[in-house]
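Going letter by letter, the sequence shown gives residues 230 to 542 in our numbering.
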Amino acid sequence: MSQSNANATSSVETSTSPNPQPKKERRKWITPRTAPYIFIAPAVLLFLIFTVYPVISSFLLSFQEGKAGNFSFVWFDNYIRLFQDKLFYKALGNTFIILLIQVPIQLFLAVIIATALNSKLIKMKSFFRIAYFMPAITALVAASIIFMILLDENYGLVNYLLSLIGVEPVGWLTDPFWSKVSLMLVITWRWTGYNMVIFLAGLQNIPASLYEAAEMDGASKLRQFFYITIPQLKPIFLFTFVLSTIGTLQLFDEPYILTDGGPNNATLTVTLYLYQNGFQYFDFGYASAIAYVLVLIIGVLSWLQMKVAGEDK
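Below is the structure:
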């Protein structure tokens, strides 16, 4: 009996031990300090895989030569070949002709349309804003097919209308000169509305008090436009000009669908020439060299535009 009491006492003492074994807590791997890195990790991983890796890979590829995965380093041979390539200079010249003619016309039209739609004289503003912006979101393939039908030399609507006033059929897509003109018209039609929306946003941010003060001083609408509107829109002009310059230097869709660079390479652009070398001739090393020279040109032009804008300030 005494032995059983002793065992019971010892078990009670054991169960009521002053130092019980603490439970192991699970270590939290999401803490306020690590949470931002954990949540941003998938985006960073995707960026590294789909952006950084291709950029580095294509840069290394520009120093290589070969096909079907059998590449060997030739160092600067692709770049030397590029600067001796007359067709590259032809494509570069075509691109700059389009840039120097089309971009100023496009931005001029965008400013005029934005100013008109910002005035109190125009009714149904929302309708016209949507109508002018629609080309920018229209499927390019569908729009290009429509333009090909309209500009067809033999059966196109444009030449038919010209024939009614005695004008001979024009080779809009088959003549070296007129094919450039047609390409510029299509680009202007497509992107003027896009730039118009940007200018319209800038116009709506100009304080109305500036115009009211100018009216009290007797300034005409034309003087208000040149002395108030244009200076206030300088940052917008810079933004749209840089954006349009980059877009034109990367011009591919329109010449590829409408003319495929023809006739006689009259509408061949740098990006289209890059595509031909990479995906028609499978000369990926040379195509990568073209790509990085184009990146350098875009970077230099953008820097010069920023520099000039900074000096004007």
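Note that CB positions come from ideal geometry on N, CA and C, so glycine has one too.
In the structure shown, what three-state DSSP assignment does Gly528 receive?
helix
Kindly indicate which three-state DSSP category Met505 falls into: helix, strand or coil?
Reading off the sequence shown, one finds Gln at residue 505, where the question assumed Met. Reduced to three states, the DSSP call for Gln505 is helix.
Sheet register partners of Lys296 (DSSP bridge)
Asn299
Assign Ser233 to one of two classes, buried (16 or more other C-beta atoms within 10 Å of its C-beta) or exposed (fewer than that).
Reliability fails at Ser233, whose pLDDT of 49 lies under 50, so the model's placement of it is uncertain and no value is given.
Can you tell me whether DSSP reads Gly476 as helix, strand or coil?
helix
So what does DSSP say about Glu382, is it helix, strand or coil?
coil
Test item: CB-CB of Thr324 and Val529 under 8 Å
no
Hey, is the stretch 440-460 in contact with the stretch 418-425, meaning 3+ C-beta pairs nearer than 8 Å?
no
Can you tell me whether Ser246 is buried or exposed? The criterion is at least 16 other CB atoms within 10 Å of its CB, across all chains shown.
Low confidence applies here, because Ser246 scores a pLDDT of 49, under 50, leaving its location unreliable and the question unanswered by this model.
Taking all protein chains shown into account, decide if Thr458 is buried (16 or more other Cβ within 10 angstroms of its Cβ) or exposed.
buried
What is the rounded straight-line gap between the Cα of Ile378 and the Cα of Val410?
16 Å
For Tyr515, name the three-state secondary structure that DSSP assigns.
helix
What is the residue span of the alpha helix (DSSP H) that Gly491 lies within?
Where Gly491 is concerned, there is no enclosing alpha helix (DSSP H), given that its DSSP letter is neither H nor E.
Please report the straight-line C-alpha distance between Met363 and Ile465, rounded to a whole angstrom.
21 Å
Within the chosen definition, does the stretch 283-297 reach the stretch 505-524 through at least 3 CB pairs nearer than 8 Å?
yes
DSSP state of Ala272, grouped into three classes?
helix
Would you mind reading off the limits of the alpha helix (DSSP H) that contains Met363?
354-366
Could you tell me which of Lys463, Thr496, Phe356 sits nearest to Met413, measuring between CA atoms?
Thr496
Can you tell me whether DSSP reads Tyr545 as helix, strand or coil?
The question about residue 545 has no answer, for the chain in this structure spans 230 to 542.
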